[in-house]
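*Asks:*
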Amino acid sequence: MAKVQVLGTGCAKCGYLLKNAQVAANERQAGDVVEKLDDMLQVHEFNPSALPALAIDGKVVTVGTLPSPSEIRQLIEQSQEVEE
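Numbering (UniProt numbering), first residue to last: 1 to 84.
1) Enumerate, from N- to C-terminal direction, the unbroken beta strand (DSSP E) stretches of 3 or more residues contained entirely within the UniProt domain "Thioredoxin-like fold" (3-77).
2) Assuming Val61 and Leu75 make a contact with CB atoms under 8 Å, what is their CB distance in whole Å?
3) Under a Cβ-count criterion, where at least 16 other Cβ atoms within 10 Å of its own Cβ denotes burial, should Val33 be classed as buried or exposed?
4) Beta-carbon separation of Ile72 and Ala2 under 8 Å?
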């Protein structure tokens, strides 16, 4: 199970990234949690170089891009492999 966080300001790109993250989590059927962080104080704690950003288990994995659901699924799976 992974914690996937979409970091952004609430713009259209952030919404698109959130949808893709939710699709990726649903496809994995591993109980992944997806949440949107748009409180800039919380976002700043991650120190992303651009927005929107995607964090998995507290680590920023993409910035300023809009990965597809399959790309996000791969990122989640890679982060899970590192933890094992």
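Yeah, the Cβ is synthetic: ideal placement off N, Cα and C, and Gly gets one too.
*Replies:* Working from what's here:
1) Those beta strand (DSSP E) runs which fall completely within the UniProt domain "Thioredoxin-like fold" (3-77) and span 3+ residues are 3-7, 33-37, 53-56, 59-63.
2) The Cβ separation is near 5 Å, so the contact holds.
3) Exposed, because fewer than 16 other Cβ atoms sit within 10 Å of the Cβ of Val33.
4) The Cβ-Cβ distance between Ile72 and Ala2 does not fall below 8 Å.
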